[in-house]
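Using my numbering, you'd call the opening residue of the sequence shown number 14 and step up by one each time.
Just below is one structure, and these are the notes that go with it.
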Amino acid sequence: MTTVMRRTPRFNPTVNTYRAGLRRGLISARIQLTTPSEIVGTVVMMGLMVVALVFLSQGTFASASVDLGAMGLPGVIAMGVLFSGVMGIVGVLSMDRTNGTLLRSKSVPGGTTGYLVGEITANLISTVVSALLMLIVGLLLFDGLEFASPLRWLLFASVLVLGLISTLAIGAVLGALVSNPKFMGFVMMPVMVLVGISGIFYPIVALPGWLQGIAQAFPLYWYGLGLRASLLPDAMSAVEISGSWRLEWVFIVLAVWAAVCLSLAPKLLGRMARRESGSTLAARRRDVQQQWGV
14 MTTVMRRTPR
24 FNPTVNTYRA
34 GLRRGLISAR
44 IQLTTPSEIV
54 GTVVMMGLMV
64 VALVFLSQGT
74 FASASVDLGA
84 MGLPGVIAMG
94 VLFSGVMGIV
104 GVLSMDRTNG
114 TLLRSKSVPG
124 GTTGYLVGEI
134 TANLISTVVS
144 ALLMLIVGLL
154 LFDGLEFASP
164 LRWLLFASVL
174 VLGLISTLAI
184 GAVLGALVSN
194 PKFMGFVMMP
204 VMVLVGISGI
214 FYPIVALPGW
224 LQGIAQAFPL
234 YWYGLGLRAS
244 LLPDAMSAVE
254 ISGSWRLEWV
264 FIVLAVWAAV
274 CLSLAPKLLG
284 RMARRESGST
294 LAARRRDVQQ
304 QWGV
């Protein structure tokens, strides 16, 4: 009598968790990209940025070969990614801690990891779509941009993705530390200050030396610099610090920020998830209701 041995299919919980998270992220991204209110919000913000760049295009900086509008386009794209990557993840994590979504994710194996993968995936897709739309509008409206060679495309894509990874990782770290939506302002304020000193709308060499040093310690300046290198004529590097694009430092700084935050985020998010319970959720909801007078 021959015994037939049936091979048991291998089950990898980690792979299954990430697959479920990706599916969740794709569904969430589709909802964001097709919901009228989300579309209107994105279009309004892009419109405001374009209007600001059009006004800036009336002026130039020193002997620059392009106007301030074209110079500001890479920085605006970088700023949009920063807000979407950092504030988007922080806002989602803080809100989902309040409405119980994060607590419910603990009820399934790998639920917290899958939840985070899904939110990052959705944010990444929607941010890339917004950045590409802004790039297309800028190429149509502003003269002097150079984006006709495959090397330019590759540089733009590389900087965009690496910068997005670093900002999403920073957002995950900060989101794990923000326990209540009312504390979002404590994240927003330093982000706005960082935008102001990172040379988004003007060359950073116009700032005092000590402010230039602070700006260079954070990824936004390098993100904008890398995008400027991919979109502006090579001659425009003359108005940058050291008179060059310093691309090696662009990738080094962004990679270091991404690596450090990606190593910290899982630990902080795991600790945050372990602290979630029905009692903490109820207390947080009471706090929010008292805040809004409900």
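All residues carry an ideal CB built from backbone N, CA and C; glycine is no exception.
Look at residue 30 here: in three-state DSSP terms it is helix. In this structure the stretch 184–202 touches the stretch 273–289; the number of beta carbon pairs closer than 8 Å is three or more.
For residue 223, the enclosing alpha helix (DSSP H) starts and ends at 222–229.
With fewer than 16 neighbouring CB atoms inside 10 Å of its own CB, residue 246 falls in the exposed class. In the DSSP assignment, residue 168 falls within the alpha helix (DSSP H) that extends over 163–190. Judged by DSSP secondary structure, residue 69 falls within the alpha helix (DSSP H) whose first and last residues are 49–69. For a cut-off of 8 Å, the C-beta gap from residue 152 to residue 160 is around 6 Å, short enough to register as a contact. Between the alpha carbons of residue 179 and residue 272 lies a distance of about 8 Å. Cβ neighbours of residue 96 within its own chain (closer than 8 Å, five residues either side excluded): 204. Fewer than three pairs of CB atoms, one per stretch, sit closer than 8 Å, so the stretch 212–222 makes no contact with the stretch 127–135.
Note on geometry: alpha-carbon atoms of residue 156 and residue 257 lie some 22 Å from one another. In terms of Cα proximity to residue 141, the closest of 175, 108, 165 and 109 is 175.
Just measuring C-alpha positions, the residue of 200, 169, 67 and 197 sitting nearest residue 144 is 169. Bounds of the alpha helix (DSSP H) holding residue 243 are 232–244.
With 16 or more other Cβ atoms from the protein chains shown falling within 10 Å of its own Cβ, residue 133 counts as buried. Residue 211 sits in coil when the DSSP states are folded into three classes, being neither helix nor strand. Residues of the same chain with a CB within less than 8 Å of the CB of residue 201, apart from the 5 flanking positions on each side, are 100 in chain order. Contact holds between the stretch 257–270 and the stretch 222–242, because three or more Cβ pairs, one in each stretch, are under 8 Å apart. DSSP places residue 78 in the coil class of the three-state scheme, outside both helix and strand. Around the Cβ of residue 229, a 10 Å sphere holds 16 or more other Cβ atoms; the residue is buried.
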